[in-house]
Amino acid sequence: MALKVFERYLAREIYGATALVLTAFLMLFAFFDLIGEVQQLGTGNYQLPQAVMFVTLTMPGRFYELSPIAVLIGTLYALTYLARHSEITVLRASGLSTATLMKSLLKLGGVFVLLTFLMGEFVAPHAERAAQQLRLRAMSAMVAQEFRSGLWVRDEHSFINVRDVLPDSSLKEVRIYDFDERFRLLDIVEAESGSYEEDGRWALQGVVKTSFETSRSQVERRDNMVWQSALTPDILSVLLVVPEKMSIVSLYQYIRHLDENHQKTDRYEIAFWKKLSYPFSVLVMMLLALPFGFLQVRSGGVSLKVFTGIMLGIGFHLLNALFSNLGAINSWQPVLSAITPGAIFLLGAATMLWWVERR
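Position 164, counted from 1, in the sequence shown is what the working numbering calls 568; the numbers after and before it change by one each time, with no gaps.
Following this line, the structure appears as structure tokens:
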């Protein structure tokens, strides 16, 4: 019973501190993001209301990114507050073991893990896509392309060139080059525009089809044509949302598409494994904060610990980005690239706990 009372008390302190820290971070990042959008104001119909809406829609993604850091600082502050009033010392003297306290923290951290996963999987990807579509529509701009000639996509024995992809995933100036199994050119389909219907079918308008036979070529013009392809708006949405902000399902589908067409998947595989492991980094951050609660608090100690928590959180964020980039450049195992930062910080937490226990 006493343990349950303590867990409720600890939960109130940690949840309250984490919510306060996360709110402060979100407001700070929203301010800086809005400042960053000021230089784009006046482009097309992109004005202050659109910029505010754009920044608002990106906040779920910020929530997902900042959750581990906010949990680290919130837990660290709550434990330091308890240590300052000698509550942890009294509890340990009453028989509360480090293992029991750790279990209580992990139990409370499960709420953060679930919340981070739900935000990263179901809210942030859709909000990010809506934000980019809003921005592009207001600016009357196209989705960014990889080459001057537009977007190039391989679909089995076909190579597709799309000059422009509109924010609603409709296509402008489409060229489809069909090859046989020996990669001999069979035909070229050119269309003025294309819109997605369903089940992998695209409706092309203003079509000119050039077929190449053994000794001659044939040109056919059509007003409309149905084109069956593995290319879908979900795959095109990769152009709107960076891999790190895509959902696990979208990443898996796009990795399969790239793999079937014998294209590199390293960056997307790393992002996929990071999406699976990132919510659990919240638990690592809570364990990292635990040793600080056992240290004696002197004058100014709370501020120093909170500052240390901020530095550790920034270090974790930078290490995550570093290993993702190094993994993609050096073709490391995607799983290792994704989980190594968390493993390093978990090892650091275990070392600090061992040191504190030895004192």
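Just so you know, even glycine gets a beta-carbon here, dropped at the ideal spot from N, CA and C.
Would you grab the beta carbon distance between Val475 and Val760 for me? Rounded to a whole angstrom, and I think it's under 8 Å.
20 Å between Cβ atoms; not a contact.
Report buried or exposed for Met523, applying the criterion of at least 16 other Cβ atoms within 10 angstroms of its Cβ.
Flag for Met523 reads buried.
Minimum C-alpha distance to Gly713 - residue among Gln536, Gln609 and Met690:
When each option's Cα is compared against that of Gly713, the closest is Met690.
For the ligand GTP, is there a heavy atom less than 7 Å away from the beta-carbon of Thr712?
The model on display carries no ligand, and the ligand GTP is accordingly not part of it.
Candidates Arg625, Leu716, Asp584 and Ala595: which alpha carbon is nearest Arg567's?
Closest in alpha carbon position to Arg567, among Arg625, Leu716, Asp584 and Ala595, is Ala595.
Pull up the distance between the alpha-carbon of Thr484 and that of Asn734, whole angstroms please.
Looking at the two C-alpha atoms, the distance is approximately 41 Å.
Gly752: first and last residue of the uninterrupted alpha helix (DSSP H) it sits in
Per DSSP, Gly752 belongs to the alpha helix (DSSP H) from Pro738 to Arg762.
Taking Trp758 as the reference, which of Ala732, Ala482 and Ala503 has the closest Cα?
Comparing Cα-Cα distances from Trp758 to each of Ala732, Ala482 and Ala503, the minimum goes to Ala503.
8 Å Cβ cutoff met for Ile674 and Tyr658:
Not a contact, by the Cβ cut-off of 8 Å.
Quick check: the segment 576-595 against the segment 609-620, are there 3 or more CB pairs under 8 Å?
As far as the Cβ criterion goes, the segment 576-595 touches the segment 609-620, which means the pair count is three or higher.
Of the residues Thr460, Gly513 and Met431, the one placed nearest Glu417, counting alpha carbons only:
Comparing Cα-Cα distances from Glu417 to each of Thr460, Gly513 and Met431, the minimum goes to Gly513.
Would you mind working out which of Asp670, Leu635, Pro464 and Leu723 sits nearest His661, comparing C-alpha positions?
Of the candidates Asp670, Leu635, Pro464 and Leu723, Leu635 places its Cα closest to the Cα of His661.
Assuming Gln443 and Leu538 are in contact, meaning their beta carbons sit under 8 Å apart, how far apart are those beta carbons, in whole angstroms?
Wrong, their Cβ atoms sit about 17 Å apart, outside the cutoff.
Contiguous beta strand (DSSP E) assignments of at least 3 residues, all confined to the segment 414-466:
For the segment 414-466, not a single whole beta strand (DSSP E) run of length 3 or above is found.
Looking at the secondary structure, which residues open and close the beta strand (DSSP E) in which Ser562 lies?
Note, Ser562: beta strand (DSSP E), Ser562 to Val569.
Opposite Gln632 in the DSSP bridges: which residues?
According to DSSP, Gln632 bridges with Arg605.
Which of helix, strand or coil DSSP assigns to Ser703:
At Ser703 the pLDDT is 48, less than 50, meaning the model places this residue with poor confidence; the figure from the coordinates comes in the next sentence. DSSP places Ser703 in coil when its eight states are reduced to three.
Could you name the residues that DSSP lists as bridge partners for Ala595?
DSSP lists Val578 and Val611 as partners of Ala595.
Near Ile564, which residues of its chain fall below 6 Å by C-beta distance, leaving aside the five closest residues on each side in sequence?
Taking C-beta separations shorter than 6 Å and ignoring five residues to either side along the sequence, the partners of Ile564 in its chain run Val557 and Ile580, following chain order.
Assuming Ile492 and Phe698 are in contact, meaning their beta carbons sit under 8 Å apart, how far apart are those beta carbons, in whole angstroms?
Contact flag correct, Cβ pair sits at about 7 Å.
When you compare only the Cα positions, how much space is there between Ala535 and Val517?
Pairing Ala535 with Val517, the inter-Cα distance amounts to about 25 Å.
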